[in-house]
Structure formats: C-alpha cells, structure tokens
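The structure appears below as structure tokens.
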Amino acid sequence: MESAIDTHLRCPRTLSRRVSGDYAPPFPMFVARGDKALQQVVMAYFGVQYSEEGKRPQALAALGHIVESFGLADGPVRHDLTDHVDNQDHHNLMAVAYWADPAAYCRWLRSDDVRAWWESQERLTEGLGYFREVVAPRVEQFETLYAFTEDFPGIGGVMGQCSDEIEEHGYWGSMRDRIPLSQTDWLEAGSELTVVSGDPAKGGRVIVRGHDNIALIRSGQDWMAAGEDERALYFDEILPSLQDGMDFLRDNGDTLGCYSNRFVRSIDIDGNELDESYNIGHWRSLDALERWAESHPTHLRIFVTFFRVVTGLEKLRLYHEVSVADGKDQMFEYINCHPRTGMMRDAVVPAAV
Ligand code: HEM
Numbered sequence: 005m006e007s008a009i010d011t012h013l014r015c016p017r018t019l020s021r022r023v024s025g026d027y028a029p030p031f032p033m034f035v036a037r038g039d040k041a042l043q044q045v046v047m048a049y050f051g052v053q054y055s056e057e058g059k060r061p062q063a064l065a066a067l068g069h070i071v072e073s074f075g076l077a078d079g080p081v082r083h084d085l086t087d088h089v090d091n092q093d094h095h096n097l098m099a100v101a102y103w104a105d106p107a108a109y110c111r112w113l114r115s116d117d118v119r120a121w122w123e124s125q126e127r128l129t130e131g132l133g134y135f136r137e138v139v140a141p142r143v144e145q146f147e148t149l150y151a152f153t154e155d156f157p158g159i160g161g162v163m164g165q166c167s168d169e170i171e172e173h174g175y176w177g178s179m180r181d182r183i184p185l186s187q188t189d190w191l192e193a194g195s196e197l198t199v200v201s202g203d204p205a206k207g208g209r210v211i212v213r214g215h216d217n218i219a220l221i222r223s224g225q226d227w228m229a230a231g232e233d234e235r236a237l238y239f240d241e242i243l244p245s246l247q248d249g250m251d252f253l254r255d256n257g258d259t260l261g262c263y264s265n266r267f268v269r270s271i272d273i274d275g276n277e278l279d280e281s282y283n284i285g286h287w288r289s290l291d292a293l294e295r296w297a298e299s300h301p302t303h304l305r306i307f308v309t310f311f312r313v314v315t316g317l318e319k320l321r322l323y324h325e326v327s328v329a330d331g332k333d334q335m336f337e338y339i340n341c342h343p344r345t346g347m348m349r350d351a352v353v354p355a356a357v
C-alpha cells in the first residue's frame with residue numbers, strides 16, 4: 005500500500021487529507037505512475053461537428069486528416085477516437101490526443117501543416133464545425149484511478165507504469181487527495197469563461213478564454229473483453245444510471261458549474277463503434293465536480309453497485325482521470341460549431357464597446 009501521490013511529488017501538507025492516518029480502503033485501486041522527468045502533459049480534444057447524416061463521410065475524412073497530422077513531427081504520444089450526438093442533435097467526432105511534453109505539442113500545433121489547415125478559409129466554408137479544446141496540467145495538477153493494472157487508457161497510457169495499491173480512495177474527497185497540488189492548495193476556480201474573439205451566435209471562428217482551475221474529468225468504461233455476466237452487470241445495473249446522470253449533466257450542467265458534459269462512444273478510424281465509452285466533463289471547479297459526484301442519485305447508485313461488485317471484476321474496466329489546469333494552459337477554439345458547443349455555452353460575451 006502506498007500514497008497515490010508519487011514520492012517526488014509529496015510535500016509537507018498545509019491542508020489535511022479528508023481521512024485520518026490509519027484509514028484503510030475497502031478494496032484495491034491503482035493509479036498511473038510516470039517517469040520522474042515528466043513535468044507537464046497535454047490533453048487535447050479535437051472535434052469535427054456535423055448536423056446532417058449525409059455529412060458523415062466528409063466528417064470522417066476530416067477526422068482522418070487530423071489523425072494523419074498526428075504522424076507529423078512532435079505529434080502526440082497516443083490518441084483515441086470518439087463519437088457522440090449532443091443535445092442539439094449534432095454529431096461530434098473527436099480525436100483525443102495526449103502529449104508528454106507541452107513544448108512538443110506547441111511545435112506540432114505551430115507547424116506549417118497543422119497551422120495552415122486550421123487557419124485555411126476552407127474550414128469556414130466546407131459545411132463542418134471544428135473545435136480544439138486543450139488543457140496542459142502539470143504533474144501536480146492531475147490524478148488517475150483504475151480498478152485494473154495494465155494497458156491504461158488516456159493519460160495513464162502516456163505515464164506507462166502502475167502504482168501499488170493506493171491509500172487515498174473509497175471516500176468522498178479522495179480524488180482531491182490524489183492530486184499532489186491539493187496538499188497545499190484549495191484549487192479554487194479563477195474568474196469566468198469569456199469569449200475573447202468572435203461571436204458564438206454568429207458562428208465562424210470563436211475563441212473562449214478559460215480560467216484557473218477548470219477541472220476536466222475523463223471517466224471511462226471498457227467492456228471489450230468482458231464476458232456475458234460482466235456485460236449484463238454493466239448494461240443492466242450500471243449503464244441506465246450512468247446514462248441518466250450524463251443526460252442530466254449535459255442538459256442541466258450550467259446550474260451546477262458543469263460547463264460541458266459529453267458521454268462519448270469510442271470508434272475506430274472508419275467510424276465503427278467499439279465496446280468502450282467515456283464521459284468528458286469540463287467543470288468550473290473541482291469543488292463543483294465533487295459536489296455532483298457525492299450527491300447526485302445517479303452517481304450514488306453507480307457508486308454503491310461498484311462497491312458491491314468491484315472485487316469480482318475481471319474484464320470490465322472502469323477508470324477515471326481528473327485534472328485542473330492554469331488558465332494560461334488552456335485553449336478553447338471553435339469554427340462554425342453551434343453556440344452550445346463546449347465552453348461556448350457558458351462563456352460570457354463582453355458587451356460591445
Ligand atoms: C461506470 C461509471 C462509474 C462508476 C462505476 C463510478 C464509480 C465511482 C467510484 C466507486 C468512486 C470512488 C472511487 C474511489 O475513490 O475508490 C467514484 C468517484 C468519483 N466519480 Fe464516479 N463512477 C462512474 C462514473 C462517473 C462519471 C461519469 C463521473 C463524472 C462526473 C464521475 C465522477 C466521479 C468523481 C468526481 C469521483 C471522485 C469523488 C471524490 O473522490 O470525492 N463518476 N466513482
């Protein structure tokens with residue numbers, strides 16, 4: 005048993021953990037471990053949006069182009085692909101990419117090919133929407149949690165190694181306790197989302213400025229290798245509550261500090277569904293995310309089911325990763341997306357001067 009916070013990231017606490025020193029978790033869970041040289045990562049969500057089914061081949065081709073660009077110099081360490089329909093009946097294809105080095109990401113982003121494609125006039129006229137939502141948390145600004153120990157998805161795949169059983173889990177507040185910076189910092193939200201360029205209502209190019217400590221959760225479910233019993237457990241006992249919770253946050257998130265909630269299905273490069281899904285949630289603060297997780301009946305139901313079955317889980321893989329990022333390490337850009345997309349929905353449009 006060891007702390008979820010890696011040795012080199014521990015420091016004298018000025019803020020105490022939520023539980024006492026002799027707390028023992030009720031079942032084993034694990035976190036990803038990175039190389040000590042790892043300082044900051046990049047989590048980038050590149051989206052292609054379309055409203056009519058007939059546009060799907062074109063949208064998949066655009067997604068394919070984005071994935072191809074990952075092969076350029078300084079491209080991401082890993083990526084995966086997703087699809088979901090939002091509450092405006094728009095399809096959103098996404099390439100979700102991770103870098104272990106923000107400098108490499110910057111060089112990639114500013115490379116001639118990547119820049120020229122994003123800045124091209126064609127992006128405005130070809131009848132698709134695009135977005136880039138990127139955060140770059142430092143290692144002390146994120147945590148992971150897995151009920152398994154191999155082949156980690158998401159940021160865990162970048163970090164590459166697995167911890168021993170960890171102490172900080174199984175109680176509300178443990179997610180915060182796993183984030184190294186929480187040893188000394190309340191991780192409070194900064195100002196507010198602001199449209200700094202363009203007008204969401206008019207479409208075209210829009211840039212939204214984030215703020216300190218926007219929280220991002222990726223919470224995943226992978227039933228690829230699950231047998232009949234585990235599939236039944238997932239589809240009959242977990243998914244109905246999960247779907248309700250995700251629909252609730254998608255449609256009512258603005259009242260709770262959830263800026264954007266997407267429940268996405270993993271796909272292959274041809275758009276075929278895989279047996280994997282995840283939630284991508286952007287929150288005004290870690291605090292708002294915690295309040296939802298510990299109080300919403302849908303998550304409480306899932307939580308109780310999980311506690312009942314976790315020690316018997318074999319192939320059903322459940323995990324999450326949660327980060328906060330400095331405002332300066334966030335980028336939210338949109339081209340011709342509907343105005344309720346991503347951070348645009350809750351961003352303040354400054355009054356015209
Ligand atoms: C299959 C789906 C899910 C299952 C089985 C599940 C189960 C759990 C469990 C068992 C914990 C406690 C983990 C521990 O510390 O040992 C937890 C924590 C948490 N879950 Fe979920 N969850 C699911 C989906 C989600 C989703 C979609 C969200 C998105 C908002 C979410 C948000 C959280 C948060 C923020 C925590 C940390 C709470 C804290 O430590 O205070 N979960 N979940």
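Okay, so the sequence shown: first residue is 5 according to the numbering used here, each after it adds one.
Even for Gly, the Cβ is constructed at its ideal location relative to N, Cα and C.
So is the beta-carbon of residue i under 7 Å away from any non-hydrogen atom of the ligand COA?
{"i": "glycine 285", "result": "The model on display carries the ligand HEM but not the ligand COA."}
For the alpha helix (DSSP H) that contains residue i, what are its first and last residues?
{"i": "methionine 47", "result": "No alpha helix (DSSP H) contains methionine 47, which is instead part of the beta strand (DSSP E) from 46-54."}
{"i": "arginine 305", "result": "301-313"}
{"i": "valine 328", "result": "Segment 321-329 is the beta strand (DSSP E) holding valine 328; no alpha helix (DSSP H) there."}
{"i": "serine 73", "result": "60-73"}
{"i": "aspartate 117", "result": "116-123"}
{"i": "glutamate 280", "result": "No alpha helix (DSSP H) holds glutamate 280; the beta strand (DSSP E) holding it covers 277-287."}
{"i": "leucine 128", "result": "126-129"}
Any heavy atom of the ligand HEM closer than 7 Å to the Cβ of residue i?
{"i": "glutamate 169", "result": "no"}
{"i": "valine 326", "result": "yes"}
{"i": "leucine 246", "result": "yes"}
{"i": "leucine 149", "result": "yes"}
{"i": "alanine 229", "result": "no"}
{"i": "glycine 257", "result": "no"}
{"i": "glycine 261", "result": "no"}
{"i": "glycine 97", "result": "The amino acid occupying residue 97 in the given sequence is leucine; glycine does not appear at that position. Outside the cutoff, so no."}
{"i": "proline 322", "result": "Here the sequence assigns leucine to residue 322, which means proline is not the residue at that position. Yes."}
{"i": "leucine 293", "result": "yes"}
{"i": "glutamate 298", "result": "yes"}
{"i": "isoleucine 70", "result": "no"}
{"i": "tryptophan 176", "result": "yes"}
{"i": "glutamine 225", "result": "yes"}
{"i": "phenylalanine 239", "result": "no"}
{"i": "isoleucine 218", "result": "no"}
{"i": "isoleucine 9", "result": "no"}
{"i": "histidine 88", "result": "no"}
{"i": "phenylalanine 307", "result": "yes"}
{"i": "phenylalanine 34", "result": "no"}
{"i": "methionine 5", "result": "no"}
{"i": "methionine 179", "result": "yes"}
{"i": "isoleucine 159", "result": "no"}
{"i": "valine 221", "result": "Here residue 221 turns out to be isoleucine, not valine, going by the sequence shown. Yes - the ligand HEM has a heavy atom lying nearer than 7 Å to the Cβ of isoleucine 221."}
{"i": "phenylalanine 311", "result": "yes"}
{"i": "methionine 250", "result": "yes"}
{"i": "isoleucine 183", "result": "no"}
{"i": "isoleucine 242", "result": "yes"}
{"i": "histidine 173", "result": "yes"}
{"i": "histidine 303", "result": "yes"}
If I follow the unbroken beta strand (DSSP E) through residue i, where does it start and stop?
{"i": "alanine 219", "result": "218-226"}
{"i": "proline 99", "result": "Sequence check: residue 99 is alanine here, not proline. 95-103 is the extent of the beta strand (DSSP E) around alanine 99."}
{"i": "arginine 82", "result": "82-89"}
{"i": "glutamate 337", "result": "334-339"}
* Tell me, please, whether the stretch 129-142 touches the stretch 344-352 by the rule of three or more beta-carbon pairs shorter than 8 Å. => yes
* So, do the stretch 104-115 and the stretch 75-84 have three or more beta carbon pairs nearer to each other than 8 Å? -> yes
* **Contained beta strand (DSSP E) runs [length at least 3] in the stretch 135-217, N- to C-terminal order** => 146-150, 198-203 and 207-213, all fully within the stretch 135-217.
* In chain order, which continuous runs of the beta strand (DSSP E) of length 3 or greater are located wholly inside the stretch 236-272? -> List check, beta strand (DSSP E) in window: 262-271.
* To do: Evaluate contact between the stretch 251-263 and the stretch 311-319, counting only Cβ atoms and requiring at least three cross-stretch pairs below 8 Å.
  => no
* Could you tell me whether the stretch 95-108 touches the stretch 169-181, where touching means 3 or more Cβ pairs closer than 8 Å? => With a cut-off of 8 Å, the stretch 169-181 and the stretch 95-108 do not count as touching, because too few Cβ pairs lie within range.
* For the stretch 278-285 and the stretch 226-243, state whether three or more C-beta atom pairs, one from each stretch, are separated by less than 8 Å. => yes
* To do: Spell out a yes or no on whether the stretch 157-174 and the stretch 296-308 are touching, meaning 3 or more CB-CB pairs, one atom from each, closer than 8 Å.
  => no
* **Inter-stretch contact (C-beta, 8 Å, three-pair minimum) for the stretch 262-272 and the stretch 82-92** => yes
* Asked: Do the stretch 46-54 and the stretch 229-241 touch if we need at least three Cβ pairs shorter than 8 Å?
  -> no
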